[in-house]
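>
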Amino acid sequence: SSLFVFPHKVILKTCGTTTTLAGIAPLQDAVAQYVGYPRDKQPWRVFYSRKSFMFPERQVHPHTSWADEVAFLDAHYDNGTAYIIGNVNADHWYLYATRPQYFDPELRLPVNGVDLRSNVKLNDQTLEILMTDLSPVHASQFFTERLPTVSDGTDSMASSVSSLGAEADDSDPGHVLGNVVTKSTGIDQIYPTEQQIVDSFCFSPCGYSCNGLVKEGYYFTIHVTPERHCSYASFETNVPPSHYGMNDLDVLDKVVEIFRPGKFSVTLFDSEDNSLLTKKMPIHLASYKRTEKISYELDGYNLVFLSFEANR
Amino acid sequence: STDAFEGPEKLLEIWYAPSKDLLAGGLKSPKGLRAIPRTRWEEVLDHVHCKVLSVVQTEEMDAYVLSE
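So the sequence lines, in the order shown, correspond to chains L and U. FYI, in the numbering used here the residues of the first sequence are 1 to 312. FYI, in the numbering used here the residues of the second sequence are 1 to 68.
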């Protein structure tokens with residue numbers, strides 16, 4: 001799981017039996033106390049999304065069903081819309097999104113009357129790849145029994161940290177194993193730059209999480225559950241691939257090659273209309289066929305949802 | 001290390017302003033949400049059933065790797 005905190009937004013991505021939405025109320029309290037943003041004011045925008053449920057019976061309310069999650073969100077936010085995107089009998093994806101509020105330029109708080117949206121160039125893009133049924137060979141890269149024994153907490157993370165002038169907290173041996181996996185799998189090569197930090201962690205006996213930070217506040221994050229009966233991996237990023245001479249399809253190819261899933265879905269939120277994924281919506285990728293293609297226009301964003309199956 | 005995790009993720013993204021400039025400079029704190037201390041984030045995450053494993057801070061953001 002991961003948490004990203006920017007001056008103006010927070011991104012929380014959690015898995016398993018976590019209760020993500022239970023964090024909303026204490027977050028509102030913290031934001032009111034430390035930022036001065038009134039608790040009863042709506043945030044500018046809220047997005048909540050998730051893949052279709054794998055084990056709903058193991059979850060805690062309100063995460064036992066999409067209907068309960070939407071009801072919970074509606075209780076907190078005034079202007080949300082809920083979507084189910086994809087084949088509801090199989091591989092689908094859920095989204096809850098609120099519409100932007102209005103801002104007072106003096107208070108910089110949302111009130112009716114002044115719309116600052118026209119003055120703000122969002123230039124925001126989020127690509128998410130959710131993968132299931134990982135190739136056993138590729139999934140085995142994320143089991144600690146296959147990794148070398150670690151004797152201390154030193155590794156190359158320190159050198160990558162210094163490249164961005166960042167401070168890190170990496171005393172757990174899980175970080176050392178995580179760094180080994182980051183390099184052996186090629187995760188550190190998804191974006192070809194030395195100017196990045198990959199803060200990674202290997203769980204015991206298996207599982208992996210990492211946050212990758214590149215220049216100018218862009219990030220990527222990966223989470224892997226490699227057990228065969230529920231194998232799953234996710235990749236999410238807001239890095240503009242053009243910064244590294246790439247396009248979205250290049251990124252997609254690299255990520256899929258690391259995990260070789262049996263199935264995967266791709267969602268792209270893009271405030272501009274210049275993504276190759278949006279324009280081409282490929283029917284085939286190497287060894288995969290497309291099974292779904294859906295395009296939405298949300299308020300200020302284009303949303304593309306694609307799903308693929310391996311030609312096994 | 002921590003026990004392995006399983007299952008699809010849930011992604012919550014809350015924007016308090018469309019850009020960092022609108023929130024970072026105009027309220028109590030010069031850093032907006034980044035003014036919230038780590039201990040307070042840990043309290044929030046207790047409600048989510050996550051623990052902080054590590055944090056990396058850059059000029060633009062704080063990035064936490066969490067348990068589960």
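We treat Cβ as the ideally placed atom computed from N, Cα and C, and that holds for glycine.
Can a CB atom of chain U be found closer than 9 Å to the CB of F63 of chain L?
In the sequence under discussion, the amino acid at residue 63 of chain L is His, which differs from the Phe named in the question. Answer yes: the Cβ-Cβ gap between H63 of chain L and chain U drops below 9 Å somewhere.
> Within 9 Å of any Cβ in chain U, is that where the Cβ of I11 of chain L sits?
Judged by the 9 Å Cβ criterion, I11 of chain L is in contact with chain U.
> Name the two residues that bound the continuous alpha helix (DSSP H) containing A75 of chain L.
Run containing A75 of chain L: 66–76, per the alpha helix (DSSP H) assignment.
> Quick check: the Cα distance between M157 of chain L and K215 of chain L, rounded to an integer number of angstroms?
For M157 of chain L, the predicted structure reports a pLDDT of 47, less than 50, and the residue's modelled location is therefore unreliable. A value from the coordinates is still provided. Approximately 16 Å, taken between the alpha carbons.
> Look at the alpha carbon of N311 of chain L and the alpha carbon of P261 of chain L, and state the distance between them as a whole number of angstroms.
Going by the C-alpha atoms only, they are around 11 Å apart.
> With DSSP as the reference, label D46 of chain U as helix, strand or coil.
In this structure, D46 of chain U counts as helix in the three-state DSSP scheme.
> What separation, rounded to the nearest whole angstrom, lies between the Cα atoms of G178 of chain L and F201 of chain L?
If you take the alpha carbons of G178 of chain L and F201 of chain L, they lie about 4 Å apart.
> Hey, how far is the Cα of Q57 of chain U from the Cα of A63 of chain U?
Looking at the two C-alpha atoms, the distance is approximately 6 Å.
> Cβ closer than 8 Å: which chain L residues qualify as neighbours of E43 of chain U?
By Cβ distance, chain L contributes P26, A30.
> Let's test the definition: count the other Cβ atoms within 10 Å of the Cβ of A17 of chain U and tell me whether it reaches 16, buried, or not, exposed.
Buried.
> Along the chain, where does the beta strand (DSSP E) that runs through E297 of chain L open and close?
Per DSSP, E297 of chain L belongs to the beta strand (DSSP E) from 288–298.
> Among L:P240, L:G207, L:K280, which residue has its Cα nearest to the Cα of C15 of chain L?
Measuring from the Cα of C15 of chain L, the nearest candidate turns out to be L:G207.
> Going by DSSP, name the residue or residues bridged to K279 of chain L.
According to DSSP, K279 of chain L bridges with nothing at all.
> Run through chain U and tell me which residues come within less than 9 Å of A22 of chain L, C-beta to C-beta.
H47, V48, H49, listed in chain order.
> Going by CA-CA distance only, name the one from U:K10, U:E42, U:K31, U:T39 that's closest to Y37 of chain L.
With distances taken between Cα atoms, Y37 of chain L lies closest to U:K31.
> Using three-state DSSP, classify G16 of chain L as helix, strand or coil.
Coil at G16 of chain L, not helix or strand.
> Less than 6 Å between C-beta atoms, sequence neighbours within five positions excluded: which residues of the same chain meet that for V198 of chain L?
Excluding residues within five positions, the ones whose Cβ falls inside 6 Å are T182, D188, C210, G212.
> Enumerate in chain order the residues of its own chain whose CB-to-CB distance from S159 of chain L is below 6 Å, with the five nearest sequence positions on each side excluded.
In this prediction, S159 of chain L scores a pLDDT of 36, lower than 50, which makes its location untrustworthy; the coordinate-derived value is nonetheless stated afterwards. No residues qualify anywhere along the chain.
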